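Student: Chains as they are written, first to last, in UniProt numbering: chain A, 1 to 943; chain B, 1 to 439. All C-beta atoms, glycine included, are put in the ideal place defined by N, C-alpha and C. Here the structure is a predicted model, which is why all the values come from computation and not from measurement. Submitted below is the structure of interest, expressed as structure tokens.
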Amino acid sequence: MRPAQSNTPQWIALASICFAVMIAGMASAEPGPANSRESAKRSGDQSQLASVSESMSVRFSDAETKEVPDFQKHVMPLLGRLGCNGRSCHGSFQGRGGFQLSLFGYDFKADHAALLDENSGRVDVDDITESLILAKPIDADMHEGGKRLDEGSWQFNTLYRWIESGAVANASIQTLDRLEIQPAEIQFDTDEEELQLTAIAHWADGTVEDVTELCRFSSNDDAVAAINENGLVHSGLSGDTHVVVSYDRAVVPIAVTRRVQVESSIDVPPRSEHPVDQLIAIKHAKLGIIPSPLCNDSEFIRRASLDITGTLPAAEEVRRFLVSDDPNKRNQLIEDLLDAPGYAAWWATRISDWTGNSDAQLNNVYPMRGAASRLWYEWLRVRLDDNVPYDEIVEGIVNAQSRQEGEDYREYCKEMTQACMPGNEEIFAARDGMPLFWARRNFQKPEERAIGFAYAFLGIRIECAQCHKHPFDQWSKDDFDQFAKIFQNINARANAVSKDSNQIRKELLESITDGKKLNNGELRKLVYRAAQNGQVVPFPELTYVDQTASARQRLAKQKKSKKGMTATIKVPEGFVLGQAEPVKLDKDPRSELMRWMRDADNPYFAPAIVNRVWSNYFGVGIINPTDDMNLANPASNQPLLEYLSTGFRDSGFDLRWLHREIVTSHAYQRSTLTNASNARDRLNFSRHVPRRLPAEVIHDAVLLATQSTVQSQKMRSTMSDMAIAADINQGRNQRNFALQVFGQSERESNCDCDRSDSPSLLQSIYLRNDIEMYQQLASKNGWVAQACASLGEAGPAAKDNPIKDQIARKADQARLQTIARVKRYLALNENRRESQRPSLEKNYVDLKKRLKQFGFETPSLRELLADPDSWQSVSRDEAATRRVSDSLESVIEDAYLRALSRTPDQEELAIAMQYINDSESVADGLSSVMWALVNTKEFIITH
Amino acid sequence: MRLHKTCDGVRRRDVIRMGLLGTGAVGIGGLSLPNWLQMAEAGEINPTRVKRAIFIELVGGPSHMDTFDLKPDAPDAVRGAFRPIDTNVPGVQISEHLPRLAGVADKFAILRGVSHTLAAHQLGREYVNSGSRPIPALQFPSFGSVVSAERECDVNIPPHVAIPRAGHGPGFLGLENAALETKAAPQFGRPFSVRGISLPGDLTVDEVSRRQELLKGLDRRFAELESNDQLLQGLSRFGEQAYAMITSPRARKAFDISKEPESFRKQFGEEAFGQSCLLSLRLVESGVNFVSLQLGGWDTHQDNFTKLKTDLLPKLDYGLSGLLNGLEQRGLLESTAVMVTGEFGRTPKINTRSEEGGRDHYPRCMFMLMAGGDVRGGQVIGESDDTASAPRHDAITPDDVAASFYHNLGIDPTKEFNSDTGRPITLVRNGTVIDRLFA
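See below:
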């Protein structure tokens with residue numbers, strides 16, 4: 001049972017006001033009190049303006065009190081505080097002991113009914129003390145949940161008085177204007193402080209009441225600030241977090257900070273006038289954090305290239321950047337990167353993540369394998385490349401129509417058939433709408449759409465409210481249901497078309513089937529084949545199903561026949577989250593939804609994308625997790641989030657403005673070096689915190705580092721074979737191995753955590769020993785081959801260069817000896833072979849060394865094992881004897897610039913040179929050096 | 001001599017640096033095995049018979065009433081379509097569709113009336129995979145990650161393997177204790193290898209070692225930062241381990257189930273799950289400390305009985321009975337702790353959403369299985385009421401079972417760990433060891 005429809009305006013109003021509560025809470029937190037006592041005093045002064053009712057424990061200490069407690073304001077919160085509606089007790093979906101309350105409360109009607117249900121015996125107005133809500137919780141033996149209150153306590157008296165007065169519920173839901181918490185912010189100095197919170201409820205009816213005893217309290221990090229059930233906060237480690245107070249629909253976070261104490265002096269980096277830095281500096285000052293200095297140019301070009309464009313910078317670009325003495329070169333580089341093809345490619349991949357561009361979920365939406373996902377991606381990429389404002393991009397998705405204005409169904413199908421052919425993606429990208437967002441298999445039910453929509457564009461998780469009041473946010477189950485209704489009439493199934501298209505669709509199908517009757521599978525096959533051959537095939541259309549249309553027609557008929565009759569049609573309605581005015585569903589409500597998101601007051605739309613973009617650059621959002629904005633999970637730096645969100649909106653939702661504003665800040669450009677004050681900080685942007693590169697970026701970086709300059713230049717300019725540009729062929733059931741191992745998003749779960757940036761053993765194994773890695777290092781088009789050619793050395797694939805020599809006889813002896821040994825080894829059984837293998841290998845390596853001293857080549861052990869007699873004669877490797885160390889140095893430098901975007905230091909150079917000189921061939925040596933660079937931690941993380 | 005200087009014990013990395021157990025070919029310096037033995041002798045390490053564990057997660061929440069907790073006398077609306085059958089333990093009955101398990105009931109203990117309150121898949125899974133009720137501020141580690149952190153393991157073998165995927169992460173114990181996921185399940189009669197584990201033919205161990213030395217020489221930036229950064233620690237650890245594993249044939253042999261004789265292989269059935277059970281046996285035999293397995297599909301809101309009868313129960317029956325028999329045949333049952341659980345039970349009342357009916361999420365009453373190590377098989381612990389709606393007497397909690405599982409593994413469930421923010425956390429916060437399991 002939900003609150004009656006007639007209540008709607010009130011509770012919706014309440015929702016929006018509760019949001020105001022959050023803002024108010026934040027706002028009052030802004031001035032920044034010097035310490036807890038002062039702020040308590042100040043807040044106390046404020047609330048004395050209104051007359052505050054004394055607390056319940058005073059008013060109800062006397063059993064004879066005449067006051068009647070209010071069901072919504074007192075009784076239900078009290079039951080909540082006592083734990084009755086928790087998920088392990090009567091809030092459980094099965095109830096407990098034959099008695100069920102709504103989880104986390106706020107379903108007053110149902111809760112009241114449950115309490116007064118005669119069968120449950122919870123409330124008995126005739127024999128009050130027999131009421132189980134009194135009898136059970138005072139007796140540990142009788143109550144499975146144990147003893148919860150004392151007879152004669154204020155809690156007992158409250159429940160008693162409520163029953164005595166008739167146990168009535170409120171006629172309608174009352175509106176809580178504001179929950180004021182004192183103090184509004186807490187600053188601790190030691191780990192031994194305690195502070196009591198006070199909660200004052202300001203109701204719309206003018207009453208003001210101390211409800212501290214009725215609130216629920218929790219801490220977001222009890223290592224920094226612990227809070228008990230009475231609202232007593234205890235200080236802990238240095239750092240910052242929030243304690244959260246919940247009452248009625250209000251959820252109010254209170255910031256708690258404890259400064260870092262540092263004895264030694266720390267160099268303070270230069271001050272920055274950048275607005276982002278100034279807002280961060282305010283927070284740092286509060287926490288006693290001194291940020292790290294700026295990173296060097298090598299680190300900067302690498303970091304900015306990888307973060308902005310998802311692309312490893314080319315060696316030549318790095319070289320040029322490092323020698324440039326232009327004081328503005330960093331900002332110039334940022335502009336270049338924002339304009340580079342990698343920017344649009346990488347961010348189309350990211351937006352594809354958030355909007356759920358999943359090939360698996362788009363199966364059979366368009367009659368060509370993989371086409372839908374490709375087209376979706378390209379539609380986004382082109383817009384990012386053109387810097388189309390973010391709200392317009394989203395509008396193209398949210399308000400998407402399948403057909404262009406004025407286009408008929410046949411023209412639409414013709415163009416779509418063309419667009420689906422690989423290489424024709426731009427045809428689709430030129431279209432106004434991108435309806436595929438609505439066509440996904442996991443996005444068909446209204447509830448799925450409510451959850452997925454809120455996730456993609458609002459950065460919130462409302463799924464909790466699908467079943468019960470959101471524990472950390474204002475959303476009730478009814479809010480969820482009303483929101484979901486908005487999506488119910490949008491039909492985007494794979495075989496749907498609008499009414500006027502039916503005939504043409506039929507014709508198109510008939511021309512494919514020759515009128516034969518086929519089952520679905522056969523038909524699909526034929527359509528796929530036809531599309532592949534360029535024959536026009538039918539495409540689905542997104543349609544809006546107005547459920548009132550038929551009723552209206554009926555009514556019109558009636559009106560004609562019976563004049564004067566005034567029947568009305570009930571138009572279904574839904575509600576946009578937190579909005580007071582309903583949306584009528586007799587026409588497509590999506591434009592209304594879009595209008596709401598664009599509104600300057602919308603609390604989610606801009607912050608959601610700002611926070612996600614920020615998180616891309618810092619590895620951590622201003623709100624974390626980035627897709628879970630809720631009242632209890634406030635920003636670590638609200639002014640910063642507000643500044644960027646407002647600025648972004650004022651710029652006309654200009655994404656490049658947003659990127660530029662972030663990456664030009666000192667905060668983004670800080671070094672990884674830590675000092676005593678910021679070593680533990682991971683949330684306040686005081687240093688660069690290394691993160692593992694995203695899956696696609698690693699995939700591409702390995703290729704760019706190991707392929708020849710020509711090859712990698714081609715990749716960079718055309719984005720071919722680049723995973724960040726979605727140019728990797730991936731079947732639905734056979735995803736690219738590397739991308740999977742490194743945690744590419746599957747885009748199916750409505751969670752930013754679908755993408756993983758954790759390291760794993762399998763990743764290390766891949767980079768060290770996967771066949772793909774070896775193939776790239778040994779490729780004819782690889783960097784090793786190119787470097788060898790530039791040194792006049794034999795490449796990795798060609799090692800033979802036979803000549804005769806006088807020492808050949810001795811060498812030949814060794815050859816015969818080895819062949820015999822290998823033959824003996826091969827004659828052993830498998831277990832023995834396993835145990836003999838180490839000594840065989842050792843012998844082989846010794847032999848190889850010996851022969852090499854004299855410039856002789858040895859076939860690989862594998863070759864020998866495959867066929868010992870294939871080693872016909874010893875041959876001398878000429879290449880091994882002529883080395884040009886000067887250019888070898890530059891080749892090593894090139895390897896460093898390619899892989900790590902920096903030059904090697906003297907020691908590193910020496911190690912690499914030594915290794916190559918000790919190697920069997922230059923190719924082997926270089927190959928190992930490149931292998932090692934790609935396997936350093938430095939390669940796989942940001943710095 | 002104190003082994004544990006800090007609450008979180010010897011850091012995994014230190015142990016690896018201290019010494020690479022086994023493989024003499026691996027030449028990264030330091031002392032190794034003797035060091036550990038000294039500590040063990042000094043009583044710092046609790047010796048136990050149980051060395052390793054296999055954790056089987058029945059993802060989706062299996063119906064307790066149709067598997068191990070049947071109520072033949074319950075009303076039609078709850079009883080369900082299946083009849084109980086006798087097992088090889090007098091008085092113990094299980095579902096008629098688990099005939100093989102009925103034949104090995106003396107090897108495992110059934111826990112009935114296990115109860116908790118988290119009816120959502122994700123939360124329930126976090127709970128039963130860690131033994132601690134999830135809380136928002138931090139993530140509790142999976143059993144496997146705890147074992148991985150607590151137990152020595154040769155570096156050339158992964159300490160913690162998940163087939164095909166891990167049900168739960170390492171939480172505050174950090175990425176370095178995450179499972180090696182095989183990503184795929186082995187197929188009957190086919191060789192199985194985890195990609196990248198075998199060395200390409202023309203590379204010798206010496207060459208790889210030489211190259212590893214080169215890498216060590218070049219990979220020194222961020223050394224200072226590493227002590228304070230989980231990501232860097234994880235990368236180092238995985239790198240060292242990958243190297244050890246690649247240079248030893250041990251791991252790839254362990255993964256190759258086709259090395260098992262046909263007669264042995266057969267008792268696991270031909271399904272991927274049974275073959276995964278076989279693989280888990282080979283892995284623990286080869287020295288892997290913890291293997292977690294998944295069998296999914298138990299979320300039977302609709303067509304509960306058809307799904308169980310034709311698909312899920314035969315898979316479980318073959319796989320698990322094969323595993324218990326196999327462990328015993330190889331003499332491993334006494335040294336391997338086995339635990340089987342879903343995230344919750346299913347509603348006793350059969351819903352009518354589909355023609356056949358289904359059962360919905362029901363954490364208040366569920367079953368779990370324990371075997372191996374010191375667990376005395378052939379017993380039923382706990383009891384549910386007449387309709388399997390609630391525990392009849394005291395509820396067994398996932399925390400209790402977790403405490404018992406750790407106890408069986410020789411790990412003190414009350415041990416304190418430090419979270420990444422330095423917060424002290426008891427391994428199992430609310431559970432007590434179920435003594436009867438081991439009596």
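Residues bridged to Asn-829 (chain A) by DSSP?
Tutor: Counting from 1 along the first sequence, the entry for residue 829 (chain A) is found at position 829. DSSP lists no partner for Asn-829 (chain A).
Student: Specify the secondary structure class of Leu-313 (chain B) as computed by DSSP and reduced to three states.
Tutor: Locating residue 313 (chain B) in the second sequence gives position 313, where the first residue counts as 1. Note: Leu-313 (chain B) maps to helix in three-state DSSP.
Student: Which whole-angstrom value describes the C-beta separation of Arg-250 (chain B) and Ser-286 (chain B), a residue pair presumed to lie in contact below a C-beta threshold of 8 Å?
Tutor: What you label residue 250 (chain B) is simply residue 250 of the second sequence in a count that begins at 1. What you label residue 286 (chain B) is simply residue 286 of the second sequence in a count that begins at 1. About 6 Å separates the two Cβ atoms, so the contact holds.
Student: What are the start and end residues of each continuous alpha helix (DSSP H) run of 4 or more residues lying completely inside the region 150-221 of chain A, in chain order?
Tutor: Counting whole runs of 4 or more residues, the region 150-221 of chain A contains the alpha helix (DSSP H) stretches 154-164.
Student: Residues of chain E with CB closer than 7 Å to the CB of Thr-818 (chain A), please, in chain order.
Tutor: Annotation note: the requested chain E is absent from the structure, which comprises protein chains A and B.
Student: Quick one: what's got a C-beta closer than 7 Å to Tyr-668 (chain A)'s C-beta in the same chain, skipping five residues either side?
Tutor: Counting from one through the first sequence, the residue named residue 668 (chain A) turns up at place 668. Tyr-617 and Ile-662.
Student: In chain A, which residues lie less than 9 Å from Ala-178 (chain B) when you measure between Cβ atoms?
Tutor: For the purposes of this step, residue 178 (chain B) is taken as the residue at position 178 of the second sequence. What Ala-178 (chain B) touches in chain A: Ser-758, Pro-759, Ser-760 and Leu-761.
Student: With C-beta atoms as the reference, is Ile-197 (chain B) less than 8 Å away from Ile-157 (chain B)?
Tutor: Position 197 of the second sequence, counted from the start, is the residue given in the question as residue 197 (chain B). Position 157 of the second sequence, counted from the start, is the residue given in the question as residue 157 (chain B). No, these two residues do not count as a Cβ contact at 8 Å.
Student: Applying a beta-carbon distance threshold of less than 9 Å, which residues of chain B neighbour Lys-937 (chain A)?
Tutor: In the first sequence, counting from the first residue as 1, residue 937 (chain A) sits at position 937. Correct list: Asp-219, Arg-221, Phe-222, Glu-226, Leu-231, Leu-232, Leu-235, Ser-236 and Gly-239.
Student: Just list the residues that DSSP pairs Arg-670 (chain A) with in beta bridges.
Tutor: As a working mapping, residue 670 (chain A) is identified with position 670 in the first sequence. Paired residues: A:Leu-294.
Student: Mapping DSSP to helix, strand and coil, what is residue 982 (chain A)?
Tutor: Absent from the model: residue 982 (chain A). The displayed extent of chain A is 1 to 943, so no value can be given.
Student: Does DSSP put Ala-255 (chain A) in a helix, in a strand, or in coil?
Tutor: To locate residue 255 (chain A), count along the first sequence from 1; it is residue 255. Of the three classes helix, strand and coil, the one that applies to Ala-255 (chain A) here is strand, per DSSP.
Student: Here's the rule I'm using: 16 or more other beta-carbon atoms within 10 Å means buried, otherwise exposed. How should Gln-482 (chain A) be labelled?
Tutor: Here residue 482 (chain A) refers to the residue found at position 482 when the first sequence is read from its first residue. Label assigned to Gln-482 (chain A): buried.
Student: Note down the Cα distance separating Leu-864 (chain A) from Leu-316 (chain B), rounded to an integer number of angstroms.
Tutor: Counting from 1 along the first sequence, the entry for residue 864 (chain A) is found at position 864. Counting from 1 along the second sequence, the entry for residue 316 (chain B) is found at position 316. Leu-864 (chain A) and Leu-316 (chain B): Cα-Cα distance of roughly 47 Å.
Student: Straight-line CA distance for Lys-109 (chain A) to Leu-295 (chain B)?
Tutor: Residue numbering aside, residue 109 (chain A) sits at position 109 when the first sequence is read from its first letter. Residue numbering aside, residue 295 (chain B) sits at position 295 when the second sequence is read from its first letter. So the alpha carbons of these two residues sit roughly 42 Å apart.
Student: Please state whether DSSP places Pro-77 (chain A) in a helix, a strand or coil.
Tutor: The residue labelled residue 77 (chain A) in the question sits at position 77 within the first sequence. Helix at Pro-77 (chain A).
Student: What does the Cβ neighbour count give for Gln-196 (chain A), buried or exposed, with the cut at 16 atoms within 10 Å?
Tutor: Walking along the first sequence from the start, residue 196 (chain A) turns up at place 196. Classification for Gln-196 (chain A): exposed.
Student: Are the beta-carbon atoms belonging to Leu-327 (chain B) and Leu-369 (chain B) less than 8 Å from one another?
Tutor: Taking the second sequence and counting its residues from 1, the one referred to as residue 327 (chain B) is at position 327. Taking the second sequence and counting its residues from 1, the one referred to as residue 369 (chain B) is at position 369. For Leu-327 (chain B) and Leu-369 (chain B), no; Cβs fall outside 8 Å.
Student: Alpha carbons only, please: which of A:Gly-105, A:Leu-179, A:Ile-163 and A:Thr-198 is nearest the one belonging to Glu-130 (chain A)?
Tutor: Start at 1 with the first residue of the first sequence, and residue 130 (chain A) comes out as number 130. For the residues A:Gly-105, A:Leu-179, A:Ile-163 and A:Thr-198, the minimum Cα distance to Glu-130 (chain A) belongs to A:Ile-163.
Student: Could you give the distance in angstroms between the alpha-carbon of Thr-341 (chain B) and the alpha-carbon of Glu-57 (chain B)?
Tutor: Here residue 341 (chain B) is taken as the residue at index 341 of the second sequence, counted from 1. Here residue 57 (chain B) is taken as the residue at index 57 of the second sequence, counted from 1. Rounded to the nearest angstrom, the two C-alpha atoms are 5 Å apart.
Student: When the Cα atoms are used, what is the spatial distance from Leu-933 (chain A) to Trp-783 (chain A)?
Tutor: If you number the first sequence from 1, residue 933 (chain A) lands on position 933. If you number the first sequence from 1, residue 783 (chain A) lands on position 783. Each residue's Cα considered, the two are about 13 Å apart.
Student: So which of A:Val-610, A:Gly-621 and A:Thr-548 has the shortest CA-CA distance to Asp-586 (chain A)?
Tutor: Taking the first sequence and counting its residues from 1, one reaches residue 586 (chain A) at position 586. Measuring from the Cα of Asp-586 (chain A), the nearest candidate turns out to be A:Thr-548.
Student: With distance defined between alpha-carbon atoms, name the residue in A:Arg-178, A:Phe-99, A:Asp-107 and A:His-112 nearest to His-143 (chain A).
Tutor: One-based indexing of the first sequence puts residue 143 (chain A) at position 143. Of A:Arg-178, A:Phe-99, A:Asp-107 and A:His-112, the residue nearest in Cα terms is A:Phe-99.
Student: My understanding is that Ala-225 (chain A) touches Ser-219 (chain A), with C-beta atoms under 8 Å, so please give their C-beta distance in whole angstroms.
Tutor: Working through the first sequence from its first residue, we reach residue 225 (chain A) at position 225. Working through the first sequence from its first residue, we reach residue 219 (chain A) at position 219. About 5 Å; that satisfies the 8 Å criterion.
Student: Buried or exposed for Asp-770 (chain A), please, with buried defined as at least 16 other CB atoms from any protein chain shown within 10 angstroms of its CB.
Tutor: What you label residue 770 (chain A) is simply residue 770 of the first sequence in a count that begins at 1. Label assigned to Asp-770 (chain A): buried.
Student: Give me the Cβ distance between Arg-768 (chain A) and Asn-935 (chain A), rounded to the nearest whole Å; I'm assuming they're in contact under 8 Å.
Tutor: To locate residue 768 (chain A), count along the first sequence from 1; it is residue 768. To locate residue 935 (chain A), count along the first sequence from 1; it is residue 935. The Cβ separation is near 6 Å, so the contact holds.
Student: Since Asp-240 (chain A) is in the beta strand (DSSP E), which residue starts that stretch and which ends it?
Tutor: Walking along the first sequence from the start, residue 240 (chain A) turns up at place 240. Looking at the DSSP string, the run of the beta strand (DSSP E) that includes Asp-240 (chain A) is 239-247.
Student: Is Gln-275 (chain B) closer than 8 Å to residue 457 (chain B) when the C-beta atoms are compared?
Tutor: In the structure displayed, chain B extends from 1 to 439; residue 457 (chain B) sits before or after that span and is not available.
Student: Under a three-way DSSP split, which group does Asp-400 (chain B) fall into?
Tutor: On the second sequence, position 400 is the one that residue 400 (chain B) refers to. In this structure, Asp-400 (chain B) counts as helix in the three-state DSSP scheme.
Student: Suppose the cutoff is 7 Å on Cβ atoms and the five residues either side in sequence are ignored; what does the same chain contact list for Leu-337 (chain A) look like?
Tutor: Residue 337 (chain A) sits at position 337 when you count from the first residue of the first sequence. Counting only Cβ-Cβ distances below 7 Å, and skipping sequence neighbours, we find Ala-304, Ser-305, Ile-308, Thr-309 and Tyr-343.
Student: Mapping DSSP to helix, strand and coil, what is Lys-107 (chain B)?
Tutor: As a working note, residue 107 (chain B) is residue 107 in the second sequence. Three-state result, Lys-107 (chain B): helix.
Student: Check distances from the C-beta atoms of the region 179-200 of chain A to those of chain B and list, in chain order, the residues that come in under 8 Å.
Tutor: Of all residues in the region 179-200 of chain A, none has a Cβ within less than 8 Å of some Cβ in chain B.
Student: Short check: CB of Ala-695 (chain A) to CB of Gln-744 (chain A), under 8 Å?
Tutor: Taking the first residue of the first sequence as 1, we reach residue 695 (chain A) at position 695. Taking the first residue of the first sequence as 1, we reach residue 744 (chain A) at position 744. Contact flag set, yes.
Student: Whole angstroms are fine: how far does the CA of Glu-118 (chain A) sit from the CA of Val-168 (chain A)?
Tutor: Looking up residue 168 (chain A) in the first sequence gives position 168. Looking up residue 118 (chain A) in the first sequence gives position 118. Straight-line Cα distance between these residues: approximately 15 Å.
Student: At 8 Å on the CB atoms, spell out the chain B contacts of Phe-737 (chain A), in chain order.
Tutor: On the first sequence, residue 737 (chain A) is found 737 positions in, with the first residue counted as 1. The answer, in chain order, is Arg-195.
Student: Which residues of chain B have a Cβ atom closer than 7 Å to the Cβ of Ala-679 (chain A), listed in chain order?
Tutor: As a working note, residue 679 (chain A) is residue 679 in the first sequence. Correct list: Asn-228.
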